[in-house]
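The structure under discussion appears below in the form of C-alpha cells.
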Amino acid sequence: MKKLFSKRGRTSISRTPLIERDNSSQQGYDLALDANDNHPSILNTNEEQPLEVPGEISLQVLAEVLGVVPDTNTTLDGVWSDSDQQKSLIQKSVDQHFPKPPADLDGDLPEHLKNVQNTVHSELARLHLLLDGMVLGECLIDCYHRHTFNHLDDLLQEICSSKSLLVLMKWVLYTYPSQDLLSHPGREEPVTKVDPLMFSEWFVKAKDKLLVNVQKEVKGQLEKILQFEQNEDGMYTDEAFVGFYVDVIGCTEAIPKETLKISSELSHRVQEVCFRALLGFLDRYMAEQTETLGKEAKKEKPKMWLFFKTLNTCEKLRGYVQNKGSAIQRSLLEHIVAKLDNIESLALNLLLEKVADIAEKNLKDYFKTDNKRFLMSALTDDFSKTQCSQEIEKKVMDEVYELVVRIYLKHLLKSSKSRLQRCWSSDVGRTIHEDADLLHSTFTKLAPGVQQWNFVLLRVSELLECKDVDMVKLTVAVMQKESPSWRGDVELLPKLLRWVGLSGSRVREVLDAIPGQEPRHVSWCFSLKCW
Numbered sequence: 001m002k003k004l005f006s007k008r009g010r011t012s013i014s015r016t017p018l019i020e021r022d023n024s025s026q027q028g029y030d031l032a033l034d035a036n037d038n039h040p041s042i043l044n045t046n047e048e049q050p051l052e053v054p055g056e057i058s059l060q061v062l063a064e065v066l067g068v069v070p071d072t073n074t075t076l077d078g079v080w081s082d083s084d085q086q087k088s089l090i091q092k093s094v095d096q097h098f099p100k101p102p103a104d105l106d107g108d109l110p111e112h113l114k115n116v117q118n119t120v121h122s123e124l125a126r127l128h129l130l131l132d133g134m135v136l137g138e139c140l141i142d143c144y145h146r147h148t149f150n151h152l153d154d155l156l157q158e159i160c161s162s163k164s165l166l167v168l169m170k171w172v173l174y175t176y177p178s179q180d181l182l183s184h185p186g187r188e189e190p191v192t193k194v195d196p197l198m199f200s201e202w203f204v205k206a207k208d209k210l211l212v213n214v215q216k217e218v219k220g221q222l223e224k225i226l227q228f229e230q231n232e233d234g235m236y237t238d239e240a241f242v243g244f245y246v247d248v249i250g251c252t253e254a255i256p257k258e259t260l261k262i263s264s265e266l267s268h269r270v271q272e273v274c275f276r277a278l279l280g281f282l283d284r285y286m287a288e289q290t291e292t293l294g295k296e297a298k299k300e301k302p303k304m305w306l307f308f309k310t311l312n313t314c315e316k317l318r319g320y321v322q323n324k325g326s327a328i329q330r331s332l333l334e335h336i337v338a339k340l341d342n343i344e345s346l347a348l349n350l351l352l353e354k355v356a357d358i359a360e361k362n363l364k365d366y367f368k369t370d371n372k373r374f375l376m377s378a379l380t381d382d383f384s385k386t387q388c389s390q391e392i393e394k395k396v397m398d399e400v401y402e403l404v405v406r407i408y409l410k411h412l413l414k415s416s417k418s419r420l421q422r423c424w425s426s427d428v429g430r431t432i433h434e435d436a437d438l439l440h441s442t443f444t445k446l447a448p449g450v451q452q453w454n455f456v457l458l459r460v461s462e463l464l465e466c467k468d469v470d471m472v473k474l475t476v477a478v479m480q481k482e483s484p485s486w487r488g489d490v491e492l493l494p495k496l497l498r499w500v501g502l503s504g505s506r507v508r509e510v511l512d513a514i515p516g517q518e519p520r521h522v523s524w525c526f527s528l529k530c531w
C-alpha cells in the first residue's frame, strides 16, 4: 500500500496538544483525510508513539485533500519537491471553493460577504492540521489573501451604490483582518497579516470610486427633491413647510455620517463632495424660486407662507452648513452661504413688494373714508402662523411694519388736514395716534418683540398740538432720537413740518436747530404731491 507521505525530513511532536485542540478542527482534519478511503490516517493511535508530520506530500494526496482535480499535464507519481505544482493545486482549490458574486450584488452584498467569511474560515479550519508546519501552510494563507483582494477588486468594479461601497469598505477594514476570517482555533500565531501595499492600494481605489459615486448620487437625489417640490399642490401643511430643507439636509448628511464609521478624514472628503453638489443645486433652486415666488407675488391673494417657507429653508440650510464648517473648505462654505443669502433676499424682497402693493391698495382710499381698520385685516389674514422660527417672523415683521408705516405716512402727507377732518373727525391727531397704536398692537401679535416703528406717527399727533416753535423743536429732537433710521429720508421732515402748518421760515429754523442737519432751502418741500 502506498504511503500518504514520505518519511524524509520528518519531525516528532507530542500528541497531547492535538487532543486538547478544538473538536471542530479535529473533525475538519478527519474529513479532509476521508477524501481517500484507501489511505490510512496519519495519526498514530498509539499514545506512546510520536506523531509524524510530513515535510513533503505527494501531488495526488494533496489534490485529494484539497478537493480538486490536478491538471492533466501534472505528473502524479512520486514525491515532488518542486513547490510550483503544489502551489498550483492550492491556488486551484482556492479558486474552486471561493464563493462567486451574486447576481444582485448591491442587494445581496452583506450576505455574500458573510458567505466569503464562512467559506474561507471553514477551509482554513479543514486544512490547517494537514498543512501546519509546512511551507504549504503559508502558501495557503497567501493564496487566500491574494484571491480575496482580487475578488474585492472585482466587487469594487461591479458595485453601483455608495451604500454598498461603504458596506464593502467596512468589511475590509474590520472583518477581513479579524480573527473571524483568516484564522483558526488550532493555530496560535495570527495568520491575518495582510500585505499593507495591497490593503492601501485597494482602499485608495475604493475611496476614489466612493467620491465619484457620492457626487453622482447626491446630485441626482437633490434633483428629485427639487422636482418633488415643484410638483407640490401648494396647500399648507407642517410637512410641506419643513419637508424640503429636511430632505436636503438628510441627503447631504447621510453618507458622510456613515463614512465616519470608517475614517474621519474620509468623512470630511465625502462631506465636501456633498456640499459641492449642494452648491450647484442652490443655483437651480434659486431659478425655481425666482419663477415660483415671482408668479405668487403677482396673484391677488398670494400664499404668504410660501415666502416664509423659503426664508425658513435658507435659515436652516445656512445653520446646517455653518455647523459643518470645520469639515469643508472655507471658500466653499462662503459660496454656499452667499447663495443662500441671495435666495433669502429674493424671497424677502418679493414679499415686501407684495406687502407694499397690499398696503397701497388698502390705504389709497383710507384717508377719504372713516374705515378705522384700514389694512389690518389683510395683514392678519395673510401673515398666518407658520413653523418658521421666531427670528424669521421678527425679521420679516420688522421690515413689513416699517414699510407699512412709511406708506401710511406718505398718504397722510398727501392728504390735507381739512379733508381728513371732514372724513375722520376734527381731532386728526387723535385718529393718527389710534392708528399708530393699532399698527403696533397688530404687529406685536404677529411677531412678539418686534421693533416699534410707530414712533413717527405718535410724534405727528404731538406736532399737531404744539403751540410754539420751541415745542416743535423739542418734539422733532425726540422723534430723531427715537427713529434714527428715518434720518436718511431727508425729504420727510421738511414735508412733515409743512404739513402740520409751519411756514417756510419756521421750517428752516427747526431744521437748523437739529444737530448735524445740513442747511438747505425749503422751497422744494412745498409741493407734497411729488413725494
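Residues 1 to 531 (full-length UniProt numbering) make up the sequence shown, in order.
Even glycine gets a Cβ: it sits at the ideal position worked out from N, Cα and C.
If you're wondering where the values come from, they're calculated on a predicted model, not measured in any experiment.
**Report entry** Uninterrupted alpha helix (DSSP H) stretches inside the stretch 378 to 444 (no shorter than 4 residues)
**Finding:** Entirely contained in the stretch 378 to 444, the alpha helix (DSSP H) runs reaching 4 residues are, in chain order, 390 to 414, 417 to 423.
Requested in this report: Let me know if Leu474 comes out buried or exposed under the rule of 16 or more other beta-carbons within 10 Å of its beta-carbon.
Outcome: Around the beta carbon of Leu474, fewer than 16 other beta carbons lie within 10 angstroms, which makes this residue exposed.
Requested in this report: Determine the closest residue to Thr380 out of Trp499, Tyr408, Phe443, with distance taken between C-alpha atoms.
Outcome: Nearest in C-alpha terms to Thr380, of all of Trp499, Tyr408, Phe443, is Phe443.
**Report entry** Inter-residue spacing [alpha-carbon to alpha-carbon] between Trp486 and Glu402
**Finding:** Roughly 10 Å between the two C-alpha positions.
Query raised in the report: What number of angstroms, rounded off, separates the C-alpha of Val472 from the C-alpha of Phe383?
Result: When rounded, the separation of the alpha-carbon atoms in Val472 and Phe383 is 37 Å.
Query raised in the report: When you compare each of Leu492, Gln221, Thr290, Thr431 to Leu278 by their alpha carbons, which one comes out closest?
Result: Shortest Cα-Cα distance from Leu278 to any of Leu492, Gln221, Thr290, Thr431 involves Gln221.
Requested in this report: Check whether the stretch 111 to 120 touches the stretch 94 to 103, taking contact to mean three or more Cβ pairs, one atom from each stretch, closer than 8 Å.
Outcome: Contact between the stretch 111 to 120 and the stretch 94 to 103 is established, with three or more Cβ pairs separated by less than 8 Å.
Query raised in the report: What is the DSSP secondary structure of Ile57, counted as helix, strand or coil?
Result: Three-state DSSP puts Ile57 in a strand.
Query - For Leu260 and Asp84, the rounded distance between their alpha carbons - result: Each residue's alpha carbon lies about 44 Å from the other.
Requested in this report: With DSSP collapsed to three states, give me the class of Ile159.
Outcome: Here Ile159 sits in coil by DSSP.
Report task. Check whether the stretch 340 to 349 touches the stretch 254 to 272, taking contact to mean three or more Cβ pairs, one atom from each stretch, closer than 8 Å. Result -> These segments do not touch.
Requested in this report: Evaluate contact between the stretch 191 to 210 and the stretch 148 to 157, counting only Cβ atoms and requiring at least three cross-stretch pairs below 8 Å.
Outcome: Flag = yes, the stretch 191 to 210 and the stretch 148 to 157 touch.
Query raised in the report: Can Phe367 and Ser326 be called in contact, C-beta distance under 8 Å?
Result: No.
Requested in this report: Would you check if the stretch 236 to 247 and the stretch 169 to 180 touch, i.e. whether three or more CB-CB distances between them fall below 8 Å?
Outcome: No, the stretch 169 to 180 does not touch the stretch 236 to 247.
Query raised in the report: Is Gln86 buried or exposed, if buried means 16 or more other CB atoms sit within 10 Å of its CB?
Result: Looking at its Cβ environment, which holds 16 or more other Cβ atoms inside 10 Å, Gln86 is buried.
Query - Straight-line Cα distance separating Thr252 from Gln215 - result: Straight across, the Cα-Cα distance linking Gln215 with Thr252 is about 10 Å.
Query raised in the report: Where Leu464 and Glu399 are concerned, what is the direct C-alpha to C-alpha distance, given to the nearest angstrom?
Result: Here the C-alpha atom of Leu464 lies approximately 27 Å from the C-alpha atom of Glu399.
**Report entry** Nearest-angstrom Cα separation, counted from Lys303 out to Lys445
**Finding:** Their Cα atoms are separated by approximately 20 Å.
Query raised in the report: Who are the Cβ neighbours of Val167 in its own chain at under 7 Å, not counting the five residues just before and after it?
Result: Once the five neighbours on either side are set aside, the close Cβ partners of Val167 are Leu109, Pro110.
Query - Buried versus exposed call for Arg284 [16 or more other C-beta atoms within 10 Å across all chains shown] - result: Exposed, because fewer than 16 other Cβ atoms sit within 10 Å of the Cβ of Arg284.
Requested in this report: Measure the alpha-carbon distance for Glu462 versus Arg276 and round it to whole angstroms.
Outcome: Taking the straight line from one Cα to the other gives about 57 Å.
Requested in this report: Give the straight-line distance between the Cα atoms of Gln421 and Val460, rounded to the nearest whole angstrom.
Outcome: Spanning the two alpha carbons is a distance of roughly 15 Å.
**Report entry** Length of the line joining the Cα atoms of Ile57 and Leu140
**Finding:** Straight-line Cα distance between these residues: approximately 14 Å.
Query raised in the report: From Ala477 to Ile514, what does the alpha carbon distance come to, in whole angstroms?
Result: Each residue's alpha carbon lies about 7 Å from the other.
Report task. State buried or exposed for Gln27, treating a residue as buried only when at least 16 other CB atoms are found within 10 Å of its CB. Result -> Because Gln27 carries a pLDDT of 38, less than 50, the predicted location of this residue cannot be relied on, and the following value inherits that uncertainty. Looking at its Cβ environment, which holds fewer than 16 other Cβ atoms inside 10 Å, Gln27 is exposed.
Requested in this report: Tell me whether Ser178 sits in a helix, a strand or coil according to DSSP, three-state version.
Outcome: In this structure, DSSP gives Ser178 a state outside helix and strand, which the three-state scheme calls coil.
Requested in this report: Classify Lys473 as helix, strand or coil using the three-state DSSP reduction.
Outcome: DSSP places Lys473 in the helix class (H, G or I) of the three-state scheme.
**Report entry** Alpha carbon of Arg508 to alpha carbon of Leu497, nearest angstrom
**Finding:** The C-alpha of Leu497 is placed about 10 Å away from the C-alpha of Arg508.
Query raised in the report: When the distance is taken between beta carbons, is Leu439 closer than 8 Å to Leu409?
Result: For the pair Leu409 and Leu439, the CB atoms are not nearer than the 8 Å cut-off.
Report task. State yes or no: is the C-beta of Leu59 within less than 8 Å of the C-beta of Ile90? Result -> Cβ atoms of Leu59 and Ile90: not closer than 8 Å.
Query raised in the report: Since Cys160 and Asp106 are thought to touch, with beta carbons under 8 Å apart, how far apart are those beta carbons, to the nearest angstrom?
Result: By a beta-carbon distance limit of 8 Å, Cys160 contacts Asp106. Their separation comes to about 6 Å.
Query raised in the report: Asp427: which of Ile407, Leu511, Val500, Pro484 sits nearest, CA to CA?
Result: From the listed residues Ile407, Leu511, Val500, Pro484, the smallest Cα separation to Asp427 is found for Val500.
Query - Three-state class that DSSP yields for Phe98 in the structure shown - result: Three-state DSSP puts Phe98 in coil, outside helix and strand.
Query raised in the report: Near Ile336, which residues of its chain fall below 6 Å by C-beta distance, leaving aside the five closest residues on each side in sequence?
Result: A distance below 6 Å between beta-carbons, with the five flanking residues on each side excluded, links Ile336 to the following residues of its chain, in chain order: Leu279, Val321.
Report task. In the DSSP assignment, find the alpha helix (DSSP H) that holds Asn312 and state where it starts and stops. Result -> From DSSP, the alpha helix (DSSP H) with Asn312 extends over 304 to 323.
Report task. Sort Glu272, Thr290, Val218, Gln289 by Cα distance to Gly250 and report the nearest one. Result -> Here the closest residue by C-alpha is Val218.
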